[in-house]
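What the sequence shown shows, in the UniProt record's numbering, is residues 1 to 270, in sequence order. C-beta atoms are modelled at their ideal positions from N, C-alpha and C, and glycine is treated no differently. Have a look at the structure below before the remarks.
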Amino acid sequence: MSKHLIVFGHGQGDPGAMGNGYQEATFTRNILGQKLKAWASKLKKNQIDFYNESLDMYQQTKAGGGAYGVNGYASVTEFHLDAAASSSATGGHVIISNRFNPDSNDLAIAKVLEKYVGLWGSSKPTGTYKRDDLLNMNVFANRGISYRLVELGFITNKRDIDELTKNLDAIAKGLVEAITGESLSGNTTSSSITNVSSKPKTPSDHDKAVAASKAVHQGNAWAKLDKFNEVSKGKVRIAGWLVPDKPDGPIGKFAYILIMEHGTTKEITR
């Protein structure tokens, strides 16, 4: 039996990219993650474990843990959502070390992304893209452990997010099969996540998470989650803010306050 590890990117105070009413760290953990776990539990010949979801492997690796302490796995797959200044940027891809060629599992994961979201332009035709500047990737490459970072699609592209959420169950099944090479029985269902929050469920839980988080630097901006501040009773709330530190990065020269529908993850305006 082969063991595989799934890691969800960001977290531990870093929300990752934001767009279309979602945060990267909570989308992968709370929405996609639940489907991945359900399909992983059906494996008979392989095993998938999940890295501690309260932690950010990148931060842990920088501190001397994280990727340095992972042992006994045939592969490590880290999930992210991409972001861009232009909302037209679209598609997913599989990032691998430039020291290696894509293996059958890398290509199979890319096929799942291509089927449901499409491929990011620079990754075509295989859906894979080589890099040498990612910390976890370089540590695992040096340790001889198979690793890939999967960009599921662009959180800043409404179509990508719609396709991901609509086909969540089928995508999760396909990813589990692609990671392990094991075929799974059972039908998938169309997903509706209008009642599923990618954030803590109650104001008090959310505020505890916010209090424990810190402002993070992303692209050319500083970002911070906010408390459940209702601007109009029961209707809208301020969810966070973005402030650029230079005018030529992903969000341009403007600062944003994120306004969301109260009690949901729907972004109304910014």
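Cβ shell of residue i (< 7 Å), same chain only, five flanking positions each side left out
i: A74; result: S2, K3, H4, S146
i: T189; result: D169
i: G174; result: V112
i: W39; result: A172, K173, V176, L184
Inter-residue Cα distance where the pair is residue i and residue j
i: A178; j: T156; result: 26 Å
i: V112; j: K62; result: 31 Å
i: P102; j: E114; result: 16 Å
i: W105; j: S86; result: Residue 105 is actually Asn in this sequence, not Trp. About 30 Å.
i: G72; j: I6; result: 13 Å
i: L107; j: I171; result: 15 Å
i: I161; j: N187; result: 22 Å
i: L32; j: G91; result: 17 Å
i: N52; j: R29; result: 10 Å
i: N20; j: L36; result: 22 Å
i: M18; j: Q59; result: 19 Å
i: T165; j: Q34; result: 12 Å
Residue i classed as buried or exposed, judged by whether at least 16 other C-beta atoms fall within 10 angstroms
i: A67; result: buried
i: F8; result: buried
i: residue 291; result: Absent from the model: residue 291. The displayed extent of the chain is 1 to 270, so no value can be given.
i: S88; result: exposed
i: G11; result: buried
i: R143; result: exposed
i: F154; result: buried
i: G16; result: buried
Own chain residues within Cβ distance below 8 Å of residue i, not counting five before or after
i: I95; result: T128, Y129, K130, R131, L134, M137, R148, L149, V150, E151
i: L43; result: V176, T180, E182, L184
i: S54; result: G11, Q12
i: V139; result: T61, G66, A67, Y68
Close-in-space but distant-in-sequence residues of the same chain around residue i (CB under 6 Å, 5 per side omitted)
i: E163; result: Y116, V117
i: A141; result: S97, R99
i: N167; result: Y116
i: K201; result: Annotation note: pLDDT 46 at K201 (below 50); position unreliable, coordinate value reported separately. Taken in chain order, the list of residues that qualify is empty.
*Is it a yes or a no for the stretch 118-127 touching the stretch 33-49, going by three-plus beta-carbon pairs under 8 Å?*
no
*Taking 8 Å as the threshold, find out whether the stretch 147-166 comes into contact with the stretch 73-92 through three or more Cβ pairs.*
Here the stretch 147-166 makes contact with the stretch 73-92; the two share three or more CB pairs at distances below 8 Å.
*Just list the beta strand (DSSP E) runs in the stretch 47-107, keeping only unbroken ones of 3 residues or longer that don't cross its boundaries, in chain order.*
75-82, 93-97
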